[in-house]
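Residue numbering for the sequence shown follows our numbering, starting at 14 and increasing by one per position. This report concerns only the one structure given below.
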Amino acid sequence: MDKSPKCSRCGKKAIIDIRYREEKLCRRCFLKFFEKRVHRNIEKNKMIKPGDRVAVALSGGKDSTLTLYILKEMLNKVKCELFAVTVDEGIKGYRDKAIEFAKRNTKELDLTHIIVSFKEIFGYTLNEIVEKNKVLRGARGPCTFCGVFRRRALNILSRELKASKVATGHNLDDESQTYLMNFFRGDIESSLKMNCDESISELFVKRIKPLSTTPEREIAAYALVKGIPFHMDECPYAQEGMRNVVRVHMNKIESTFAGSRENFYYFMNEIIKHLKTKEKMKFKLSSCILCGEPSSKEICKVCELLKIIRG
Ligand code: SF4
Ligand SMILES: [Zn+2]
Ligand SMILES: [Zn+2]
14 MDKSPKCSRC
24 GKKAIIDIRY
34 REEKLCRRCF
44 LKFFEKRVHR
54 NIEKNKMIKP
64 GDRVAVALSG
74 GKDSTLTLYI
84 LKEMLNKVKC
94 ELFAVTVDEG
104 IKGYRDKAIE
114 FAKRNTKELD
124 LTHIIVSFKE
134 IFGYTLNEIV
144 EKNKVLRGAR
154 GPCTFCGVFR
164 RRALNILSRE
174 LKASKVATGH
184 NLDDESQTYL
194 MNFFRGDIES
204 SLKMNCDESI
214 SELFVKRIKP
224 LSTTPEREIA
234 AYALVKGIPF
244 HMDECPYAQE
254 GMRNVVRVHM
264 NKIESTFAGS
274 RENFYYFMNE
284 IIKHLKTKEK
294 MKFKLSSCIL
304 CGEPSSKEIC
314 KVCELLKIIR
324 G
């Protein structure tokens, strides 16, 4: 007798256990479940409208690759333009391999793909920044430089390409981790800015995150089931940040109490929404006095970090 688990919806052979929904799903039901949630997230949060020019921030990893595939499929329904942009941080043996996947997927989908590097914009690769920072005994880890510079590079490039939105691959795990990291840092402002629905600066291209309600594990499963190629290696600097500690602990909580991650994410979203309406907390960024880019302080984070590595 066949003892393999059965799909809770149709009785066919299950391929995945969605513990927090107490459901086991077969290939067909899983793909449907997955796509429905992403589409609902896009529609509910009015992420895309006809006429938009959407730049997908494509790293080559599973999250951004799936964002690209899902948005491409939606083009039949929503008439907008889509293209991919990649920021090459300059992490030897890691990002160069990921970029090969990004090129392969944009070619497969017949989409324009533009690549820009840290070296071109800031004058240093991330590898060079890390080395300089070591010599200067700087307290900041590689991810601080990487995240701040990548966001800036992405914004400059998308603005130059006249994108109306930048779609990133942030998933439910990323978003919950960020909320928790902001919490531990006492940084409420960053959480308030995370899902800004109003434009915070004319120079800032609005971000959308179609996968923000989807767990990372299901993204990997979807890509594997659909046979979508993506870069799987881990960044050599990944173990060094606070995110890694938060990730380990959140995963432990989720595996013991299924659904905790999703509950935490929606709980935080509600608090943020409440704060924004009740306290009328609206953000408008001004411009950095040194580079003119959007900034909440007189001198932006990029200029501050560049000053550190220039010594
Ligand atoms: S792990 Fe850190 S250094 Fe590596 S790509 Fe991510 S943010 Fe950049
Ligand atoms: Zn089924
Ligand atoms: Zn600046």
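Using N, Cα and C, we set each Cβ at its ideal position, and we do this for glycine too. Keep in mind that this is a model prediction, so the values were computed, not measured.
Member of the options whose CA lies at the smallest distance from the CA of residue i
i: Asn264; options: Phe114, Met281 and Asp187; result: Asp187
i: Val261; options: Ala176, Gln190, Lys147 and Phe162; result: Gln190
i: Arg108; options: Arg274, Cys42 and Cys159; result: Cys159
i: Ala180; options: Lys147, Ser225 and Phe196; result: Ser225
i: Cys248; options: Thr80, Pro307 and Gly106; result: Gly106
i: Glu267; options: Glu229, Asn146 and His287; result: Glu229
i: Glu311; options: Glu317, Leu318 and Ile302; result: Ile302
i: Asp123; options: Glu86, Gly324, Asn146 and Ala152; result: Glu86
i: Glu133; options: Thr99, Ser203 and Ile285; result: Thr99
i: Leu71; options: Leu139, Arg50, Lys19 and Phe243; result: Phe243
i: Phe270; options: Arg34, Arg198, Ile221 and Cys20; result: Arg34
i: Lys297; options: Ile55, Leu319, Ser309 and Lys178; result: Ser309
i: Met207; options: Leu216, Asn195 and Gly199; result: Asn195
i: Ile11; options: Ile232, Met60 and Val129; result: The chain is shown only over 14 to 324; residue 11 falls outside these bounds and no answer can be derived.
i: Glu141; options: Glu102, Tyr192 and Arg50; result: Glu102
i: Arg41; options: Ile61, Lys25 and Arg32; result: Lys25
i: Ile221; options: Lys16, Pro18, Asp65 and Lys92; result: Asp65
i: Leu237; options: Lys37, His52 and Leu79; result: Leu79
i: Arg165; options: Lys178, Val218 and Asn146; result: Val218
i: Arg274; options: Pro223, Gly324 and Asn184; result: Asn184
i: Ile55; options: Thr227, Glu202 and Ile104; result: Thr227
i: Val67; options: Asn146, Leu84, Ile112 and Ile31; result: Leu84
i: Lys328; options: His52, Lys49 and Pro18; result: There is no way to answer for residue 328, as the model of the chain reaches only from 14 to 324.
i: Phe96; options: Glu121, Phe46, Ser204 and Asn257; result: Glu121
i: Met281; options: Thr157, Leu205 and Val143; result: Leu205
i: Asn89; options: Pro63, Val315, Gly73 and Arg50; result: Pro63
i: Cys304; options: Lys320, Tyr82 and Arg198; result: Lys320
Environment of residue i [buried if 16+ CB atoms lie within 10 Å]
i: Thr125; result: exposed
i: Phe43; result: buried
i: Phe114; result: buried
i: Cys23; result: exposed
i: His287; result: exposed
i: Met245; result: exposed
i: Tyr192; result: buried
i: Asp76; result: buried
i: Val148; result: exposed
i: Pro155; result: buried
i: Ala152; result: exposed
i: Glu173; result: exposed
i: Tyr278; result: buried
i: Ser171; result: buried
i: Lys59; result: exposed
Residue i beta carbon near ligand 1 (any heavy atom closer than 7 Å)
i: Glu133; result: no
i: Tyr250; result: yes
i: Glu102; result: yes
i: Gly254; result: yes
i: Gly160; result: yes
i: Leu139; result: yes
i: Cys93; result: no
i: Pro242; result: no
i: Pro228; result: no
i: Pro155; result: yes
Point to revise | Unbroken stretches of the alpha helix (DSSP H), 4 residues or longer, contained in the segment 111-194 | key: 131-135, 139-148 and 155-173
**Study point:** 3 or more residues per run - each beta strand (DSSP E) lying fully within the segment 35-91
**Key:** 36-38 and 66-70
Practice item. Starting from the N-terminal end, write out each residue whose C-beta falls within a distance shorter than 6 Å of any non-hydrogen atom of ligand 2. Key: Cys20, Arg22, Cys23, Lys25, Leu38, Cys39, Arg41 and Cys42
Check your understanding: Who's in the neighbourhood of ligand 3, going by beta-carbon under 7 Å from any heavy atom, listed in chain order?
Key -> Cys301, Leu303, Cys304, Glu306, Ser308, Ile312, Cys313, Val315 and Cys316
Point to revise | Start-end ranges of the beta strand (DSSP E) lying completely within the segment 189-257, minimum 3 residues | key: 219-221
Exercise for review: Report the residue ranges of all alpha helix (DSSP H) runs contained in full by the segment 267-298; include only those spanning at least 4 residues, in chain order.
Suggested key: 273-291
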